[in-house]
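The opening position of the sequence shown corresponds to residue 907 in the numbering used here, with each subsequent residue numbered one higher. Cβ coordinates follow ideal geometry from the N, Cα and C atoms, glycine included. Below: the structure, in structure tokens.
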Amino acid sequence: MDIAKKNSVQKRPSKKYKGTRRKHIMRDERYNGSKNDTIGGGLSGIGTSLGGTSGSVGPTIEELDSDYDKPYDYESEAFNSPVSSEDEGRTAYDAFNEETEYGEVEFKVGQTFTTMEAFKSALKNYFVYEGKDVMYLKNEKQRVKTLFNEHNCGRNFSSNLADRQWVTSKLVKRLLTQPDMKPKQAMEYMIEDYNIQLSGKMISRALKAAREEVIGDEGAQYGKIRDYLMELHRTNPGSTARLDVIPQPESLPLFDRLYISLDACKKGFIEGCRPLIGLDGCFLKGYYGGQLLSAVGQDGNNHFFVIAYAVVPNECKDTWKWFLTQLQHDLALKDIFPRAFHRNCVLHIWKNFIKQFKDQQTKQLVWDCARCTTQIEFKAAMEKLKQISVPAWEYLDRFDPAAWSKAFFSPGPKVDNITNNMCEVWNAKILHTGVSQY
């Protein structure tokens, strides 16, 4: 793609020079001395002559000939010879650098582009940055006849060139360093870095397309699950990876649920973690939805330790039973933990409690009852709650105190947690990948 002058002038061929003076040519610099001058000592040893003598690094000097009396047709055949016979008589134009940063695009007469797409892409970057609209006039297939580089119209913060494809290409670069970008952040990014305002619908669609380009299409990712599980078995022997599907008579099977527990995680929990497992679920915010069930332990440093996780259509008794059955088999436990002690997360109890009881004093008494370390303290706190609100006391009295108050905890696992912080921390870590806590 060429941008040529409207009335271009054919370049005249250079005149031949015939003379007897000695010539030394330096790159990007001509020697302007007389024929009796010689190269000073300051330049000795800083180049390579045709004779092959090498020196230190510096400008290269080419000595064409040391004979004063030999005529020359050209000043330098090495620097003036055309690339090929077809290029003789043509003007050398600058090629556009497609890696030019946004805001630094400049057009020049005679500039060349590799393709029409590269030329239009440069136009978009230039006019969007300048805040101006553009209308394509009819030009030749290989060049634009005239370059108008002066414009008097005012700046426009919206551009007809900023289509979804262009916006997507800009957001892709940002998503590589900010994968959890939200539409509001994307809109602010386009305003701050590209001086352009876009509609919310345009931003949402472009952000979705950019995310698919960076991460991949969500539907296509489901089609790769079986290959992923096979690779998981190959690279992690001893791991458990189970995929359940719903058969379809006339099409490919549909995804139902998935369970994964790595061999190192199973062994790590049995050999180095406390005998306590936190169970929790969170919503998947992708196009296909579903829920993520997790089993998380706690190591000797009080850090969370993921044991297993599963993707299921919804959270119900059936999916939890299926998940715990897989976990029981992996950890060699019996009959889905018939003798296990169960604890409830006080935070979840409190959140459900305050939906019905808004009094600040009753809200605090829930935590006071949970933190009691003796049964006498617990009974006193419950009696105080009963005096303030009988319905609130009846609500808490339904729960087994051994499941939510320290005063009744079993001495088995040496953990006095009253909240399921292990799973909450795990959910917070994976929040940017498309899950929602609850």
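**Report entry** C-alpha distance - Leu-1149 paired with Lys-1130, whole-angstrom precision
**Finding:** 12 Å
Query raised in the report: So, helix, strand or coil for Cys-1222, using DSSP?
Result: coil
Requested in this report: Starting from Phe-1263, trace the alpha helix (DSSP H) both ways and give me its first and last residue.
Outcome: Run containing Phe-1263: none; DSSP gives neither H nor E here.
Query raised in the report: When the Cα atoms are used, what is the spatial distance from Lys-1026 to Met-1096?
Result: 20 Å
Query raised in the report: Would Tyr-1134 pass as a contact of Ala-1216 if the rule is Cβ separation under 7 Å?
Result: no
Query raised in the report: Under the rule that 16 or more other beta-carbon atoms within 10 Å means buried, what is Cys-1222, buried or exposed?
Result: exposed
Report task. State the DSSP-derived secondary structure class of Thr-1074, mapped to helix, strand or coil. Result -> helix
**Report entry** Of the listed residues Arg-1163, Lys-1088 and Gln-1293, nearest to Phe-1229 (C-alpha basis)
**Finding:** Arg-1163
Requested in this report: Compare the Cα-Cα distances from Pro-1153 to each of Ala-1147, Glu-1137 and Phe-1161 and report the closest residue.
Outcome: Phe-1161
Query - Alpha-carbon spacing of Asp-1306 relative to Ala-1246, whole angstroms - result: 15 Å
Report task. Determine, using beta carbons only, whether Gln-1200 and Leu-1168 come nearer to each other than 7 Å. Result -> The sequence as given places Ser at residue 1200; Gln does not occur at that position. No, the pair does not count as a contact, with Cβ atoms beyond the cut-off.
Query raised in the report: Any idea if Tyr-1100 is buried or exposed, counting beta-carbon neighbours within 10 angstroms, 16 or more meaning buried?
Result: buried
Requested in this report: Measure the C-alpha to C-alpha separation of Ala-1214 and Lys-1173 and round it to an integer number of angstroms.
Outcome: 12 Å
Report task. Output yes or no for whether 7 Å exceeds the beta carbon distance between Gln-1197 and Phe-1210. Result -> no
Query raised in the report: Around the C-beta of Leu-1082, are 16 or more other C-beta atoms found within 10 angstroms, so that it is buried, or is it exposed?
Result: exposed
Query raised in the report: Going by DSSP, what residues sit across from Val-848 in a beta bridge?
Result: Not covered by the structure: residue 848. The range shown for the chain is 907 to 1344.
Query raised in the report: Quick one: what does DSSP say Leu-1104 is sitting in, helix, strand or coil?
Result: coil
Query - Cβ-based neighbour list, Ala-1092, same chain, cut-off 7 Å, excluding 5 preceding and 5 following - result: Leu-1077, Ile-1109 and Leu-1113
Query raised in the report: Cα separation between Phe-1315 and Pro-1085?
Result: 42 Å
Query raised in the report: In terms of residue numbering, what span does the alpha helix (DSSP H) encompassing Leu-861 cover?
Result: Since the first residue of the chain shown is 907 and the last is 1344, residue 861 is not available in this structure.
Query raised in the report: Residues in its own chain within less than 7 Å of Ile-1336 by CB, not counting five upstream and five downstream?
Result: none
Query raised in the report: So Tyr-885 is in the beta strand (DSSP E); what residue range does that whole segment cover?
Result: This structure does not reach residue 885, given that the chain is present from 907 up to 1344, and the question cannot be answered.
**Report entry** Those residues which DSSP pairs with Gln-1197 across a bridge
**Finding:** Phe-1189 and Val-1218
Report task. Consult DSSP for Tyr-937 and reduce its assignment to one of helix, strand or coil. Result -> For Tyr-937, the predicted structure reports a pLDDT of 40, less than 50, and the residue's modelled location is therefore unreliable. A value from the coordinates is still provided. In this structure, Tyr-937 counts as coil in the three-state DSSP scheme.
Query raised in the report: So what does Ala-1147 bridge to, in DSSP terms?
Result: Ile-1166
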